[in-house]
Amino acid sequence: MIKAQRGTKDIFGLEAAIWQGIVQKAKNVFTSAGFEEIKTPIFEATELFSRGVGDSSDIVNKEMYTFSVGGADKTASSITLRPENTAGVVRAYIEHNLNRQSPPQKFWYFGPMFRYERPQAGRQRQFHQIGVEMFGIKEAAADAEAILCAVSFLKAIGLNSLEVEINSLGCKKCKGEYRSSIKEVLAPYLEKLCDDCKMRYEKNPLRILDCKNEECQKILELEEVKKVIYKDYICDECKEHFEELKKYLDELNIKYSINKLMVRGLDYYNRTVFEIKSSALGSQSAVCGGGRYDTLVEMLGGSPTPAVGFAMGVERLYSLIEKPLESDDLKLDYYIVSTNTLEAMKLASKLREKNVKADYDMQKRKFSKQLEKAAKAAKKAIILGEDEIEKGFYSVKDLKTGEQRRVNSFDELV
Ligand code: ATP
Ligand code: MG
């Protein structure tokens, strides 16, 4: 038997109905906030991610599904299944000159992402993200708006008590100085760092700060190292930006804590980074990760454009929300019980046009069999016997109460 690939999952039945509900809520919350939906392709040029996500990130280093397509040698091009969607949205933003409208330009998306990771609870190889990207605003109000929208959506799906963590990485200038001092203080310990961190040391030393490896953790706990990593390093402008964000969050009554060691996995962030976590999730605790990426649009060939965004893992949201035992989406309004297939088909079609969920028997099964199916699949049965067809009325049976009554017009059915 051929089975689904490791780290992938089939979603159907009640689970699919609940997923639909989550995505519908996202659509409601984000469109009410002026975000437009954007759908970008699932595969892109590999270079988009190596440049856009960054060579030093775990994603680009170890987690990409990359393959060659096209003719052998010269014409072959390397494409990658998207591991995240910011790079793709930024590409589309540049390619279609979406900056023509006055800022902000706000987009939301939903779709599958692919990362070659070790599958475990909360970690799959094909997973789904709901995310937003907002372009054109450098003010801290945009950072606050992003967090506000994320929190509003989480509330809308019933998740009220998640922990928001924020940090500021600073800008090119102050981040650069911080990088240098981290490299300096870690230099004597370079040999003891894990292999990943040895590579990060060269390419993105800040990432060493949230390495989960025990040996690396020990080094980060050393007094002299701590003194450097917890230093207040961001410049006055970045500080002011961060203070403004905090003020907005305070005024909006959004509780948060500051996590000075949070640097996030992607290379492109500057200033604000944030995560939303739930302790109920165990070690894969983040449902949402985001931040500001003011240099990415330019790096990918657009004109300098400040931007901020976030992405949430739908599988992790799903595992956290309270799940109903059944869903109305899975029940038909009517199941038409009739041995006259054509009449049943016509009636079902007319009801469906009115957005009434209806289905019927296609096998001319016995009335009793059809009623059994109706009881499982629908709220009510419409009995369409010879008498009903001839005289033009419907017998409607409530499948919960068993009560049956005569309905004289189609409109009344609707
Ligand atoms: P993590 O630290 O859990 O690996 P990340 O920093 O790699 O997260 P992001 O790239 O910020 O994750 O993606 C945003 C969100 O997408 C995460 O907070 C998480 O909810 C979800 N996510 C990321 N990778 C996976 C995965 N392999 N399986 C399921 N969900 C994932
Ligand atoms: Mg990851």
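FYI, in this note's numbering the residues of the sequence shown are 37 to 450.
The beta-carbon is built from N, C-alpha and C at its ideal position, and this holds for glycine as well.
The beta carbon of residue 415 is closer than 8 Å to those of 367, 368, 369, 370, 434, 435, 436 in its chain, skipping five residues each way along the sequence.
Residue 324: member of the beta strand (DSSP E) spanning 322–328, first to last residue. In terms of side-chain proximity, the C-beta atom of residue 301 is found nearer than 7 Å to a non-hydrogen atom of ligand 2.
DSSP places residue 349 within a strand segment (E or B) once states are collapsed to three.
Residue environment: residue 378 is assigned as exposed (fewer than 16 neighbouring CB atoms within 10 Å of its CB, all protein chains considered).
For residue 88, the enclosing alpha helix (DSSP H) has its first and last residue at 82–88. At a threshold of 7 Å, residue 94 counts as near ligand 2, since its beta carbon sits closer than that to one of the ligand's heavy atoms.
Taking C-alpha positions only, residue 197 is separated from residue 120 by approximately 26 Å. CA-CA distance, residue 401 to residue 355, rounds to 40 Å. About 13 Å separates the CB atoms of residue 301 and residue 91; that is not less than 8 Å, and the two are not in contact. Residue 347 has its CB nearer than 7 Å to a heavy atom of ligand 1. By the Cβ criterion, the segment 176–185 is not in contact with the segment 52–61, since fewer than three pairs of Cβ atoms, one from each stretch, lie closer than 8 Å. Annotation for residue 222: 229, 237, 241, 244, 255, 261 place their beta carbon closer than 8 Å to its own, counting only its chain and skipping 5 residues before and after.
For residue 444 and residue 192, the gap between their C-alpha atoms comes out near 41 Å.
Rounded to whole angstroms, residue 186 and residue 346 show a C-alpha spacing of 8 Å. Rounded to whole angstroms, the separation of the alpha carbons of residue 410 and residue 165 is 36 Å.
Residues of the same chain with a CB within less than 6 Å of the CB of residue 145, apart from the 5 flanking positions on each side, are 74, 121, 167 in chain order. Residue environment: residue 80 is assigned as buried (16 or more neighbouring CB atoms within 10 Å of its CB, all protein chains considered). The closest heavy atom of ligand 1 lies 7 Å or more from the beta carbon of residue 233. The Cβ atoms of residue 449 and residue 420 lie no closer than 8 Å to each other. Distances from the alpha-carbon of residue 212 to those of 184, 306, 417 put 306 closest. Under a 10 Å Cβ-count criterion, residue 170 is classified as buried, with 16 or more other Cβ atoms of the shown protein chains found around its own Cβ.
For the set 72, 114, 210, the Cα lying nearest the Cα of residue 142 is the one of 72. Apart from the 5 residues on each side of it in sequence, residue 226 sits with its Cβ closer than 8 Å to the Cβ of 234, 237 in its chain, given in chain order. Beyond the five residues adjoining it in sequence on each side, residue 397 comes within less than 6 Å, by CB distance, of 406 in the same chain, given in chain order. Taking 3 residues as the minimum length, the beta strand (DSSP E) runs contained wholly in the segment 105–165 are 113–117, 141–150, in order along the chain. In the three-state scheme derived from DSSP, where H, G and I count as helix and E and B as strand, residue 298 is classed as coil.
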